[in-house]
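K.L.:
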Amino acid sequence: MSLLHLAIIAPFIIAIFVPFFYKYIKGVHTGWFVLPLPILLFVYFISFISSTSNKQTITESFSWISSLGIDFTVKVDGLGLLFALLITGIGSLVVLYSIYYLSKNTEKLNTFYVYLLLFMGAMLGVVLSDNLIVLYAFWELTSFSSFLLIGYWYDREKSRYGAQKSMIITVLGGLAMLGGIILLYLMTGTFSITEIIAQSDAIINHPLFVPALLCILLGAFTKSAQFPFHIWLPDAMEAPTPVSAYLHSATMVKAGIYLVARMSPVFAEHALWVWLIAGFGLVTLFWGSFSAVKQTDLKSILAFSTVSQLGLIMSLLGIGAAALHFDELNPAIFTVATTAAVFHLINHATFKGSLFMVVGIVDHETGTRDIRKLGGLMNFMPITFTIAIIGAFSMAGLPPFNGFLSKEMFFTGMLSVLEMDFNWGILIPIIAWIASVFTFIYSMILVFKTFTGKYQPEKLEKKPHEAPIGMLISPIILASLVIIFGFFPNILSSSVLVPALETIMPGFSFDVKISFWHGVNEELLMTIGVILVGVILYFTLSKWRGVYGLFPEKLALNRFYDNSLDWMQKGSYGITNAYMTGSIRNYLAYMFTFIIIILAATLFGKDAFAFSTENVAQIEFFEVLLSLIIAIASIAILFTKSRITSIILTGTIGYIVSLFFVIFRAPDLALTQLVIETISVSLFLLCFYHLPKKLTEDPLSFKVRNAIISVGVGAVVTLIALSAHSNKLFDSISQYYIENTYTEAAGKNMVNVILVDFRGFDTMFEIAVLGIAALGIFSLIKLRKNGGKKVEDK
Numbered sequence: 001m002s003l004l005h006l007a008i009i010a011p012f013i014i015a016i017f018v019p020f021f022y023k024y025i026k027g028v029h030t031g032w033f034v035l036p037l038p039i040l041l042f043v044y045f046i047s048f049i050s051s052t053s054n055k056q057t058i059t060e061s062f063s064w065i066s067s068l069g070i071d072f073t074v075k076v077d078g079l080g081l082l083f084a085l086l087i088t089g090i091g092s093l094v095v096l097y098s099i100y101y102l103s104k105n106t107e108k109l110n111t112f113y114v115y116l117l118l119f120m121g122a123m124l125g126v127v128l129s130d131n132l133i134v135l136y137a138f139w140e141l142t143s144f145s146s147f148l149l150i151g152y153w154y155d156r157e158k159s160r161y162g163a164q165k166s167m168i169i170t171v172l173g174g175l176a177m178l179g180g181i182i183l184l185y186l187m188t189g190t191f192s193i194t195e196i197i198a199q200s201d202a203i204i205n206h207p208l209f210v211p212a213l214l215c216i217l218l219g220a221f222t223k224s225a226q227f228p229f230h231i232w233l234p235d236a237m238e239a240p241t242p243v244s245a246y247l248h249s250a251t252m253v254k255a256g257i258y259l260v261a262r263m264s265p266v267f268a269e270h271a272l273w274v275w276l277i278a279g280f281g282l283v284t285l286f287w288g289s290f291s292a293v294k295q296t297d298l299k300s301i302l303a304f305s306t307v308s309q310l311g312l313i314m315s316l317l318g319i320g321a322a323a324l325h326f327d328e329l330n331p332a333i334f335t336v337a338t339t340a341a342v343f344h345l346i347n348h349a350t351f352k353g354s355l356f357m358v359v360g361i362v363d364h365e366t367g368t369r370d371i372r373k374l375g376g377l378m379n380f381m382p383i384t385f386t387i388a389i390i391g392a393f394s395m396a397g398l399p400p401f402n403g404f405l406s407k408e409m410f411f412t413g414m415l416s417v418l419e420m421d422f423n424w425g426i427l428i429p430i431i432a433w434i435a436s437v438f439t440f441i442y443s444m445i446l447v448f449k450t451f452t453g454k455y456q457p458e459k460l461e462k463k464p465h466e467a468p469i470g471m472l473i474s475p476i477i478l479a480s481l482v483i484i485f486g487f488f489p490n491i492l493s494s495s496v497l498v499p500a501l502e503t504i505m506p507g508f509s510f511d512v513k514i515s516f517w518h519g520v521n522e523e524l525l526m527t528i529g530v531i532l533v534g535v536i537l538y539f540t541l542s543k544w545r546g547v548y549g550l551f552p553e554k555l556a557l558n559r560f561y562d563n564s565l566d567w568m569q570k571g572s573y574g575i576t577n578a579y580m581t582g583s584i585r586n587y588l589a590y591m592f593t594f595i596i597i598i599l600a601a602t603l604f605g606k607d608a609f610a611f612s613t614e615n616v617a618q619i620e621f622f623e624v625l626l627s628l629i630i631a632i633a634s635i636a637i638l639f640t641k642s643r644i645t646s647i648i649l650t651g652t653i654g655y656i657v658s659l660f661f662v663i664f665r666a667p668d669l670a671l672t673q674l675v676i677e678t679i680s681v682s683l684f685l686l687c688f689y690h691l692p693k694k695l696t697e698d699p700l701s702f703k704v705r706n707a708i709i710s711v712g713v714g715a716v717v718t719l720i721a722l723s724a725h726s727n728k729l730f731d732s733i734s735q736y737y738i739e740n741t742y743t744e745a746a747g748k749n750m751v752n753v754i755l756v757d758f759r760g761f762d763t764m765f766e767i768a769v770l771g772i773a774a775l776g777i778f779s780l781i782k783l784r785k786n787g788g789k790k791v792e793d794k
């Protein structure tokens, strides 16, 4: 196992020790124990920049399930490294911030940091795995760990609801993605992303290509909160603010972005990939920005703004993919869109991470996030206000911050669509511009409704004051990066952007030079228009905000989600109540009927029935006689009216079967059968001692039903046994046991050797099942003995 593998596994290893540190080392915040790990990982991944800048890819493989083509292969290229740096870099700042945000006296820090480390390791596994099955395993682990983090305050109903909602939507998308992965394997014969990309030209016309494309996109859209799956993200804001800053601005919601970028070399040459990503991205961009304006909770504003920004990045990847699809057009124009997507990915992590931390500070120091209660905090929290200005103005796309640069590139990418032969292409830059206006408005609301205006102390739970310096360090660092990347964007060009772009769009050469001034062009005029219209709409917000009331609540996606869960719950109750009658005899009838239908349909539907008398031993008289006795005893059970007689007849059948084992020279099986039969008869007698001696008379229809089912099961099993004997597809394994029992296992009793050596795991699990059953019976006896009360240790 290499250092790369260890880097992914390290968070899981440290997570094991966190509860012990929390329990035995008092007086120290658990976060100080966790903080060194993401810092060390960040430094470790920085060391790969020189390699990826020189177009090198570092690959390490660890054999896992090689027979199925599943190996833990780790690959560090430009794209994977970019996300690894975001995961560990932002993760370091979030852990530092959480040390001051979460109190060691009131919070269960052991569970918080265990969940956070699980998520960090899972995200690293997603972005660095070259095997799709391994990627999927980590993918679902991110959903599970985010479920735990969102529901961290599990005593709150909204936290439980948000955690459940995110889990349901993202896991269902993940299952769809797994379907796409399997389809890719059927087309290529490999789970390796590198090998699948190498075969992309050969599979584009395969009938399974489009279904695989749709399944992969469904997984990406649900994880990255694209419309209409975005509804889980606002409810996930019930998580602690450090979680929101980490999961919902820089990492988890970017997993879908990563998947689209990683799989673009496979699917981008298909027009459906281009238009689905660009289309859903634009709709998400508009709807997220439009919805953010009406929110009154600061984290809700940031939640919908995150949805909007994710849509922006996704739409850019869609437009950029057109460079691979429309060969007749100038690909250089479309590469601008992909460059903007990667650059804005970084910028969004910096300004959105700082804004989430700012909102956490406001909530921590005032006791509320409701903008209707806030205002005038600038005088009390000047540093926090400054950070908020930097982050919000960057999000709005204003100079001189990094968001302005990527927003200009975004407009360039949207305008490039006009060069396509597309009748409605003009709508794309128009929608992008309108969404940018709403982005400007909610950015201004976030800052000025919170920090300026009238101070309302009577509505606040706490007297506001500036946050402690420890809580300010992380947002200050992120805000500083917003400024640095704004003034010096090209420090990222050759080191981070170009290697990532070469991974997304292989075969293209990139020379990324980002600058503020490009003269008076369409992009600059669009930005000026955004500012002018945005300022007017911001100051007239009260006059037109009523437009949100025009949308029927019944048509809301959240209402549809809630109703769907209610319908499924009621439907499942109805179906379950229909067959869960409480009658064990009915349940047995259901099971045996199902067995008859499935096995008979398979046997005759696949033309598997066969009957051959070859290699059949001669049937002796006493074998026929014993068979008749068994048949007579079985039929007699149906007509007896005494429980004791039924038990005796059932035991008779078991003892006669043991005689067959003696005849066929299997004394060990005969002994086992005798022991089991004796115990069974004894247990039956003990149980039926408390029941009436005579059986109640069942109706004729009931007897007929049971007779049909019994005959059906017997007939189907008999036919299967005859077919299994008649269809000799392989040589009997018995000869192998004869030849190897003594030489390989050093045993003379073949049956014992088979049970203990050749089928050792089978026997071990059978013993485990018996042990579990014994523990269950013991628990029931103890509960009965104590009247169902809890047994106290003496």
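Those letters in the sequence shown? Residues 1 to 794, by full-length UniProt numbering.
Note that CB positions come from ideal geometry on N, CA and C, so glycine has one too.
The alpha helix (DSSP H) spanning Ile-90 covers which residue range?
P.N.:
Counting from one through the sequence shown, the residue named residue 90 turns up at place 90. From DSSP, the alpha helix (DSSP H) with Ile-90 extends over 78 to 101.
K.L.:
DSSP on Ile-25, reduced to helix/strand/coil?
P.N.:
Numbered from 1 along the sequence shown, position 25 holds the residue referred to as residue 25. Coil, per DSSP.
K.L.:
Can you check DSSP and say which residues form a bridge with Ile-531?
P.N.:
If you number the sequence shown from 1, residue 531 lands on position 531. The partner list for Ile-531 (beta bridge, DSSP) is empty, contrary to what the question assumes.
K.L.:
Our contact map puts Leu-405 next to Gly-486 with C-beta atoms below 8 angstroms; I'd like the distance itself, whole angstroms only.
P.N.:
Working through the sequence shown from its first residue, we reach residue 405 at position 405. Working through the sequence shown from its first residue, we reach residue 486 at position 486. That pair is a contact at about 7 angstroms.
K.L.:
Is there at least one Cβ from chain D nearer than 9 angstroms to Tyr-655's Cβ?
P.N.:
No chain D appears in the structure shown, which is made up of a single protein chain.
K.L.:
I'd like to check one pair, Gly-151 with Ala-239: are the Cβ atoms closer than 9 angstroms?
P.N.:
Reading the sequence shown from its first residue, position 239 is the one you call residue 239. Reading the sequence shown from its first residue, position 151 is the one you call residue 151. Yes.
K.L.:
My assumption, with CB atoms under 8 angstroms, is that Ile-434 sits in contact with Leu-282. Please give the rounded CB distance.
P.N.:
Your numbering for residue 434 matches position 434 in the sequence shown. Your numbering for residue 282 matches position 282 in the sequence shown. About 10 angstroms; that fails the 8 angstroms criterion.
K.L.:
Tell me where the alpha helix (DSSP H) around Thr-59 begins and ends.
P.N.:
Here residue 59 is taken as the residue at index 59 of the sequence shown, counted from 1. No alpha helix (DSSP H) contains Thr-59, which is instead part of the beta strand (DSSP E) from 58 to 65.
K.L.:
Hey, could you find the ends of the alpha helix (DSSP H) Ile-644 is sitting in?
P.N.:
Position 644 of the sequence shown, counted from the start, is the residue given in the question as residue 644. Unbroken alpha helix (DSSP H) run through Ile-644: 643 to 663.
K.L.:
Since Val-74 sits in a beta bridge, which residues does DSSP pair it with?
P.N.:
Residue 74 sits at position 74 when you count from the first residue of the sequence shown. Beta-bridge pairing links Val-74 to Glu-60, Ser-129.
K.L.:
Return the bridge partner residues of Asp-668 from the DSSP annotation.
P.N.:
One-based indexing of the sequence shown puts residue 668 at position 668. Answer is none; Asp-668 lacks a bridge partner.
K.L.:
So what does DSSP say about Asp-370, is it helix, strand or coil?
P.N.:
Your numbering for residue 370 matches position 370 in the sequence shown. Correct three-state label for Asp-370: strand.
K.L.:
Could you tell me how far apart the beta carbons of Leu-460 and Thr-338 are, in whole angstroms, since I believe they sit closer than 8 angstroms?
P.N.:
Stepping through the sequence shown from its first residue, residue 460 is reached at position 460. Stepping through the sequence shown from its first residue, residue 338 is reached at position 338. So it is not a contact: roughly 46 angstroms between Cβ atoms.
K.L.:
Using the rule of at least 16 other Cβ atoms within 10 Å of the residue's Cβ for burial, across every protein chain shown, is Pro-265 buried or exposed?
P.N.:
Reading the sequence shown from its first residue, position 265 is the one you call residue 265. So Pro-265 ends up on the buried side.
K.L.:
Rounded C-beta distance between Phe-45 and Val-134? I'm assuming under 8 angstroms.
P.N.:
Your numbering for residue 45 matches position 45 in the sequence shown. Your numbering for residue 134 matches position 134 in the sequence shown. Rounded, the Cβ-Cβ distance is 19 angstroms, inconsistent with contact.
K.L.:
Does the count of Cβ pairs from the stretch 355 to 370 and the stretch 233 to 253 closer than 8 angstroms reach three?
P.N.:
Pairwise C-beta distances place the stretch 355 to 370 in contact with the stretch 233 to 253, as three or more of them are shorter than 8 angstroms.
K.L.:
Confirm, please, whether the CB-CB distance from Leu-310 to Ile-257 is below 9 angstroms.
P.N.:
Taking the first residue of the sequence shown as position 1, residue 257 is located at position 257. Taking the first residue of the sequence shown as position 1, residue 310 is located at position 310. For the 9 angstroms CB-CB criterion, Ile-257 and Leu-310 form a contact.
K.L.:
Give the DSSP-derived three-state secondary structure of Arg-192 in the structure shown.
P.N.:
By one-based count along the sequence shown, residue 192 stands at place 192. Correcting the residue type first, residue 192 is Ser in the shown sequence and not Arg. In this structure, DSSP gives Ser-192 an extended state, which the three-state scheme calls strand.
K.L.:
Got a sec? Which residues, its chain only, sit under 6 angstroms from Thr-366 by beta carbon, not counting five neighbours each side?
P.N.:
Here the question's residue 366 lines up with position 366 in the sequence shown. Only Leu-460, Lys-462, Pro-464 meet the Cβ criterion.
K.L.:
Less than 8 angstroms between the CB atoms is what I'm expecting for Lys-482 and Phe-401, so what's the real figure, rounded?
P.N.:
In the sequence shown, counting from the first residue as 1, residue 482 sits at position 482. In the sequence shown, counting from the first residue as 1, residue 401 sits at position 401. Looking at the sequence itself, residue 482 is Val, so the reference to Lys does not match. The C-beta distance from Val-482 to Phe-401 rounds to 5 angstroms, short enough to meet the 8 angstroms contact threshold.
K.L.:
Give every residue of the same chain whose Cβ lies closer than 7 angstroms to the Cβ of Tyr-736, excluding the five residues on either side of it in the sequence, and list them in chain order.
P.N.:
Residue numbering aside, residue 736 sits at position 736 when the sequence shown is read from its first letter. Cβ neighbours of Tyr-736 beyond the five flanking positions: none.
K.L.:
Going by DSSP, what residue range makes up the alpha helix (DSSP H) through residue 796?
P.N.:
In the structure displayed, the chain extends from 1 to 794; residue 796 sits before or after that span and is not available.
K.L.:
Going residue by residue through the stretch 273 to 317, where are the continuous alpha helix (DSSP H) segments of at least 4 residues, counting only ones entirely within it?
P.N.:
none
K.L.:
Thinking Thr-30 and Tyr-22 are a contact (beta carbons under 8 angstroms), I'd like their distance in whole angstroms, please.
P.N.:
Here residue 30 is taken as the residue at index 30 of the sequence shown, counted from 1. Here residue 22 is taken as the residue at index 22 of the sequence shown, counted from 1. Their Cβ separation, rounded to whole angstroms, is 5 angstroms, which keeps Thr-30 and Tyr-22 in contact under 8 angstroms.
K.L.:
What does a CB cutoff of less than 6 angstroms around Ser-300 pick up in its chain, not counting 5 residues either side in sequence?
P.N.:
Taking the first residue of the sequence shown as 1, we reach residue 300 at position 300. So the qualifying residues of the chain are Pro-234.
K.L.:
For the candidate residues Arg-759, Phe-730, Ser-564, whose alpha-carbon lies nearest to that of Thr-741?
P.N.:
On the sequence shown, position 741 is the one that residue 741 refers to. The shortest Cα separation from Thr-741 among Arg-759, Phe-730, Ser-564 belongs to Arg-759.
K.L.:
Mapping DSSP to helix, strand and coil, what is Ile-608?
P.N.:
Within the sequence shown, residue 608 is the residue found at index 608, counting from 1. The residue asked about is misnamed: residue 608 is Ala in this sequence, not Ile. Three-state result, Ala-608: coil.
K.L.:
Straight-line CA distance for Phe-560 to Val-126?
P.N.:
Residue mapping note: residue 560 aligns to position 560 of the sequence shown, counting from 1. Residue mapping note: residue 126 aligns to position 126 of the sequence shown, counting from 1. Cα-Cα distance, rounded: 31 angstroms.
K.L.:
Here's the rule I'm using: 16 or more other beta-carbon atoms within 10 Å means buried, otherwise exposed. How should residue 797 be labelled?
P.N.:
Since the first and last residues shown for the chain are 1 and 794, residue 797 lies out of range.
K.L.:
So what does DSSP say about Trp-139, is it helix, strand or coil?
P.N.:
Walking along the sequence shown from the start, residue 139 turns up at place 139. Helix.
K.L.:
With the cut-off set at 9 angstroms, would you say Val-336 and Phe-393 are in Cβ contact?
P.N.:
The residue given as residue 336 occupies position 336 in the sequence shown. The residue given as residue 393 occupies position 393 in the sequence shown. No, the Cβ-Cβ distance between Val-336 and Phe-393 is not below 9 angstroms.
K.L.:
Out of Phe-17, Tyr-587, Ile-49, Leu-700, point me to the one whose CA is closest to Thr-111's CA.
P.N.:
Counting from 1 along the sequence shown, the entry for residue 111 is found at position 111. Comparing Cα positions, the closest option is Phe-17.
K.L.:
In the structure shown, what three-state DSSP assignment does Thr-540 receive?
P.N.:
Here residue 540 refers to the residue found at position 540 when the sequence shown is read from its first residue. Thr-540: coil per DSSP, three-state reduction.
K.L.:
On the criterion of 16 or more Cβ atoms from any shown chain inside 10 Å, does Val-274 qualify as buried, or is it exposed?
P.N.:
One-based indexing of the sequence shown puts residue 274 at position 274. By the 10 Å Cβ count, Val-274 comes out buried.
K.L.:
Is there contact here, the stretch 206 to 219 with the stretch 536 to 546, by at least three beta-carbon pairs under 8 angstroms?
P.N.:
Taking 8 angstroms as the limit for Cβ pairs, the verdict is that the stretch 536 to 546 does not touch the stretch 206 to 219.
K.L.:
Please state whether DSSP places Tyr-455 in a helix, a strand or coil.
P.N.:
Taking the first residue of the sequence shown as 1, we reach residue 455 at position 455. Note: Tyr-455 maps to coil in three-state DSSP.
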